[in-house]
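Chains as they are written, first to last, in this note's numbering: chain V, 1 to 379; chain S, 380 to 538; chain U, 539 to 912.
What follows is a set of notes on a single structure, which appears directly below.
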Amino acid sequence: MLPEIVAQNTSASQSVPWWKFFYDFSLLTQPVDVWLKGSVSPFWSTVIEMAIVGVLFLLFYAVVGLFLVYAERKVCAFIQNRLGPNRIGPFGIFQTVADLIKLLFKELIPIKNADSFLFNLAPFIVIIVNFMVLAAIPFSKGLHAIDFNIGIFYVIAVSSMSVVGVLLAGWSSNSKYSLIGAMRSGAQIVSYELSIGLAIITIVILAGSMQLSEIIEAQRTGWFIFKGHIPALIAFVIYIISSTAETNRGPFDMAEAESELTAGYHTEYSGIRFAFFYLAEYINMFIVASIAATLFLGGWMPFHVGSWDGFNRIMDFIPPFIWYIGKTFFIIWIIMLFKWTFPRLRIDQLLTLEWKYLLPINLLNVLIMAFIVLMGWHF
Amino acid sequence: MRSIIEYLREIVLGIWSLLKGMKVTSTYFFSPGKIVTQKYPENRKSLVMLERFKGEVVMPHNEKNEHKCTGCGICEINCPNGTIEIISKVIITEDGKKKKAIDKHIYRLGMCTFCALCVKTCPSNALAFSQKFEHAVFNRALLNKILNKPGSQLMKGVE
Amino acid sequence: MDIQVKELIADEKQEYIINMGPQHPSTHGVLRLVVSLQGEIVKNIEPHIGYIHRGIEKMCESITYPQIIHLTDRMDYLSAHINNEAVCLTVEKALEVDITDRIKVIRTIMSELTRIQSHQLFWASYGMDLGGQTCFFYGLRDREKILDIFEETCGGRMLVSYNCPGGLMYDIHPNFQQRVKDFIKYFRKALPEYDTILTGNVIFRERSIGIGPLTLKDAVSYGVTGPSGRASGFSCDVRKHEPYSAYDRVNFNEVIYNEGDTYHRYLARIEEMRESMNIIEQLIDNIPEGSYAIKMKPIIKLPEGEYFQRVETARGELDVFIISDGNKNPFRLKFRSPNFVNLGVLNHISKGFKIADLVAIAGSLDFVIPDIDR
Chain V
1 MLPEIVAQNT SASQSVPWWK FFYDFSLLTQ PVDVWLKGSV SPFWSTVIEM
51 AIVGVLFLLF YAVVGLFLVY AERKVCAFIQ NRLGPNRIGP FGIFQTVADL
101 IKLLFKELIP IKNADSFLFN LAPFIVIIVN FMVLAAIPFS KGLHAIDFNI
151 GIFYVIAVSS MSVVGVLLAG WSSNSKYSLI GAMRSGAQIV SYELSIGLAI
201 ITIVILAGSM QLSEIIEAQR TGWFIFKGHI PALIAFVIYI ISSTAETNRG
251 PFDMAEAESE LTAGYHTEYS GIRFAFFYLA EYINMFIVAS IAATLFLGGW
301 MPFHVGSWDG FNRIMDFIPP FIWYIGKTFF IIWIIMLFKW TFPRLRIDQL
351 LTLEWKYLLP INLLNVLIMA FIVLMGWHF
Chain S
380 MRSIIEYLRE IVLGIWSLLK GMKVTSTYFF SPGKIVTQKY PENRKSLVML
430 ERFKGEVVMP HNEKNEHKCT GCGICEINCP NGTIEIISKV IITEDGKKKK
480 AIDKHIYRLG MCTFCALCVK TCPSNALAFS QKFEHAVFNR ALLNKILNKP
530 GSQLMKGVE
Chain U
539 MDIQVKELIA DEKQEYIINM GPQHPSTHGV LRLVVSLQGE IVKNIEPHIG
589 YIHRGIEKMC ESITYPQIIH LTDRMDYLSA HINNEAVCLT VEKALEVDIT
639 DRIKVIRTIM SELTRIQSHQ LFWASYGMDL GGQTCFFYGL RDREKILDIF
689 EETCGGRMLV SYNCPGGLMY DIHPNFQQRV KDFIKYFRKA LPEYDTILTG
739 NVIFRERSIG IGPLTLKDAV SYGVTGPSGR ASGFSCDVRK HEPYSAYDRV
789 NFNEVIYNEG DTYHRYLARI EEMRESMNII EQLIDNIPEG SYAIKMKPII
839 KLPEGEYFQR VETARGELDV FIISDGNKNP FRLKFRSPNF VNLGVLNHIS
889 KGFKIADLVA IAGSLDFVIP DIDR
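Here you go:
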């Protein structure tokens, strides 16, 4: 079937030069969709499309996960005056692939007195949640699996489900370290959801829509972080802080605090189950970074300045996908810098930060933003 | 009112201290020239150990396969944990006298703590430290070394 | 008590027991802490020691005095040189040997370098205990420079074995003075960086100020010495009160704080690095001429009697007590190691704090486990 798709593609897109795909992926996906609907029944066409998207996401998940693990190790190495992985492949880029192969071959150690059903289920919940969130992320123009009209709401709702996996992992592994880690993680994610939600609401007020594609479209004339001036900037800072907390990364890595709890909720996991948790952490980071990029830095929208047409055209020349990746990785770099610079907070300080600092500021910020939008003071 | 100012001051100062820390780490991130680690097996050729480095105990031999060890056994006595064992033999010198000489100078690298007492106390300076540091072998028995080379003799003029 | 029995007792009190160690990232070795927790709050700590017990005191009874040096290296391996110096000073005191000024000055410089590298490792590992891994690498990066100086002069990097009864094993390397000066120049610039990353960091201050307070009274009665004791206002610096080697000819301040919390225990060590650099700077340019070792008899026999010497290691006061019956090896040799005594206070000061604070408190007391077990 695949060659036929390709053949159909080329015939359908003869009028469009290939490099146009980089600027609008719907030019590639639309003809496929039309051809599938024409050749098989609507039910089967939906199934085939979902299968293709699923396989693509699986590939994307593995590639991005492995690359982020590699990137994290390189970034922390450079911060710490080290070389980092440099043995396998040029600059060690296949190091994480080798690690993954090693983890695949590792024994899955059964834990005595563990609730084996929940123990096995927990990593899959984390992974499934990741996939569900990835579905709603706009990667580029037209490269967007589902464009909900409540897209950002869906993202918040689904991403908070990953705490279930963490709690199950901690509960079922019959280890006190795991349990403490899971409970910390529960408290942490439940409270930081609030900040993330309010920071996002600030932007939703500015954009006037919850649909991610519309939010991006609204940033054609300028990214929200510039458009909404001070309240948007505060919302951005709060979003970055609370999303770092939500992904259980340092300085908020209370759930796995390795100097206190050895490895927190995944202490007892081994082999590929551990790898699932590990990959999920990095994909989570990718997700929060891409949401930040979408909401504050314009997603795949190039950098435009009001009336500088020439400048805007040069910026348009860079494909949207590159813009998206660039912004996402910039935010990922910031989050990594957090982790490798700061010491860890204590669990009560973490909650103090949320309830005494972030939440009041955030509520005030939403109010200011609503006022600004009402008066039309934004750019 | 004062408490609100204090609250805001706390936030600003806190964020400022965090930003200062991030400045340090990001400066290091963008200056790869400050990397201190080395690619070890690749730079083995250019790697020079410091001259006093205590790698392992050796017995220097000259080009005529002669060493300075008289087999007196002071190093064996001084060794704290029995790393060194001296097996001596009796030889008959040219003028017909019986004389004690070294047969085997056994050195167990696996036990050595590099305290340098043997090298320091040797009356005839027969022992020295080499700068070799790659001691890993697959068989523990290979760490038991005989320091005097086969067929070697006592250097002339060393008593 | 058996761990099962303990768990039953803890269950009744609505507590549960966690075994921190012997393999745990933040116990810095094979220390085992049986921690009773209520939620996250520490109720009781029971340290179990002896996992790395090698019987050093007993082993010393069967070897000669010069050979003891290589065992004291391995007690508190971060202040190896100071431990060696303690034994050598005791033996020299017993034999009434007058060592030259050159030996005294070199020993002092080396001791202070040892102290700096020990505190650097403290800074590194304390940062890592609190979750800032980068600190660990910055600390080790600077520590390497001192270890290189050691390697050049002594041949060893950590277990230097540089002292021997009656002096030093070798003379200093010709590059020694220049390298030490370069290091101090470098480290004076690097120390403010430590402050930026950790000392001034708001998270670090929140984590450490007011945590694990140790009062002066408790410090004295538990015998907590070293920077940990001085942070509680216990003036216990042997270098100041009973100067040995060349400490009587240098000016330095005894770093004393009165708060006694983890933050000030940390701060005391940072300040001590500055003081140590001052001491080295006073001595490095005028190392007197003279021989680097007094000629001793081939077999050292201490006259019958009891001999005692105190020194200040990087972690506190190390006392060496030798009973000699006139033989070439000691009849009894006792080390009062600072870490063992400091460990005693851990339960007292960390009750009622969270488990994350326990890590910070244990880190701020700066244990070296082989020194506890010996």
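Backbone N, C-alpha and C fix where the C-beta goes; we use that ideal spot for every residue, glycine too.
Option nearest residue i by Cα separation, candidates the options
i, options, result
"U:R695", "U:L546, U:I907, U:S617 and U:I749", "U:S617"
"V:M369", "V:V158, V:A232 and V:L358", "V:A232"
"U:I641", "U:G890, U:V879 and U:I825", "U:I825"
"V:L198", "V:T341, V:L364, V:Y61 and V:V164", "V:L364"
"V:C76", "U:Q658, U:T602, U:G670 and U:I637", "U:G670"
"V:G54", "V:A145, V:V129 and V:V69", "V:A145"
"U:I899", "U:C626, U:D667 and U:M597", "U:D667"
"U:P648", "U:R807, U:P868, U:F905 and U:A784", "Here the sequence assigns Met to residue 648 of chain U, which means Pro is not the residue at that position. Among U:R807, U:P868, U:F905 and U:A784, the Cα nearest to that of U:M648 is on U:A784."
"S:V537", "S:K447, S:S425 and S:N523", "S:K447"
"V:E246", "V:I334, V:I189, V:I180 and V:V366", "V:I189"
"U:V849", "U:G705, U:F725, U:R777 and U:I832", "U:R777"
"U:F721", "U:T638, U:M811, U:H802 and U:G767", "U:M811"
"U:S875", "U:H562, U:D911, U:L752 and U:V883", "U:D911"
"U:A769", "U:K755, U:S663, U:N796 and U:H619", "U:N796"
"U:S663", "U:L821, U:V897 and U:N701", "U:V897"
Element boundaries [beta strand (DSSP E), containing residue i]
i, result
"S:H484", "K477 to R487"
"U:L871", "R870 to R874"
"U:P585", "I579 to H586"
"U:E844", "G843 to T851"
"S:A507", "A507 to S509"
"S:N527", "Careful: S:N527 lies outside any beta strand (DSSP E) and carries neither H nor E."
Residue i, DSSP secondary structure in three states
i, result
"U:Q658", "helix"
"V:V237", "helix"
"V:A77", "helix"
"U:T800", "helix"
"V:V166", "helix"
"V:M1", "Residue placement at V:M1 is poorly supported in this model, since its pLDDT is 37, which falls under 50; the coordinates are not used for a value here."
"U:N557", "strand"
"V:S160", "coil"
"U:R570", "strand"
"V:A12", "Because the pLDDT of V:A12 is 47, which lies under 50, any placement of that residue in the model is unreliable, and the question is left without a value."
"U:F529", "The structure shown does not extend to residue 529 of chain U, since chain U is modelled only from 539 to 912, so the question has no answer here."
"V:A145", "coil"
"V:A7", "With a pLDDT of only 43 at V:A7, under 50, the local geometry of the prediction cannot be trusted, and the value read off the model is given with reservation. Residue state, collapsed to three classes: helix."
"S:A495", "coil"
"U:I899", "helix"
"U:H562", "strand"
"U:K892", "strand"
"V:I225", "helix"
Residue i - containing alpha helix (DSSP H), residue span
i, result
"U:Q605", "Y603 to T610"
"U:I860", "U:I860 -> not in any alpha helix (DSSP H); beta strand (DSSP E) instead, spanning G854 to S862."
"V:L103", "Q95 to F105"
"U:I887", "L884 to S888"
"U:E619", "This sequence places His at residue 619 of chain U; Glu is not what is there. Element bounds for U:H619: A618 to L633."
"U:R768", "G764 to R768"
Supposed contact pair residue j and residue i - C-beta distance, whole angstroms, cut 8 Å
i, j, result
"U:I583", "U:N885", "4 Å"
"S:K399", "U:G738", "7 Å"
"V:F342", "S:L397", "7 Å"
"V:S175", "V:T294", "38 Å between Cβ atoms; not a contact."
"U:E855", "U:C774", "6 Å"
"U:L840", "U:A632", "5 Å"
"V:Y192", "V:E354", "6 Å"
"V:Y70", "V:I283", "Actually they are not in contact, since the Cβ atoms of V:Y70 and V:I283 sit about 14 Å apart, beyond 8 Å."
"V:G399", "V:S26", "What the structure shows of chain V is the stretch from 1 to 379, and residue 399 of chain V is not part of that stretch, so it cannot be assessed."
Residue i CB to nearest heavy atom of the ligand SAM below 7 Å
i, result
"U:L840", "The ligand SAM is absent from the structure shown, which contains no ligands of any kind."
Quiz item: What are the uninterrupted segments assigned as beta strand (DSSP E) that are 3 or more residues long and contained completely in the segment 413-468 of chain S, given in chain order?
Solution: Correct list: 435-437.
Quiz item: Can you list, in chain order, the stretches of the alpha helix (DSSP H) that have 4 or more residues and sit fully within the segment 724-753 of chain U?
Solution: Within the segment 724-753 of chain U, the complete alpha helix (DSSP H) runs of at least 4 residues are 740-746.
Quiz item: What are the start and end residues of each continuous alpha helix (DSSP H) run of 4 or more residues lying completely inside the segment 276-333 of chain V, in chain order?
Solution: The segment 276-333 of chain V contains these whole alpha helix (DSSP H) runs: 309-317.
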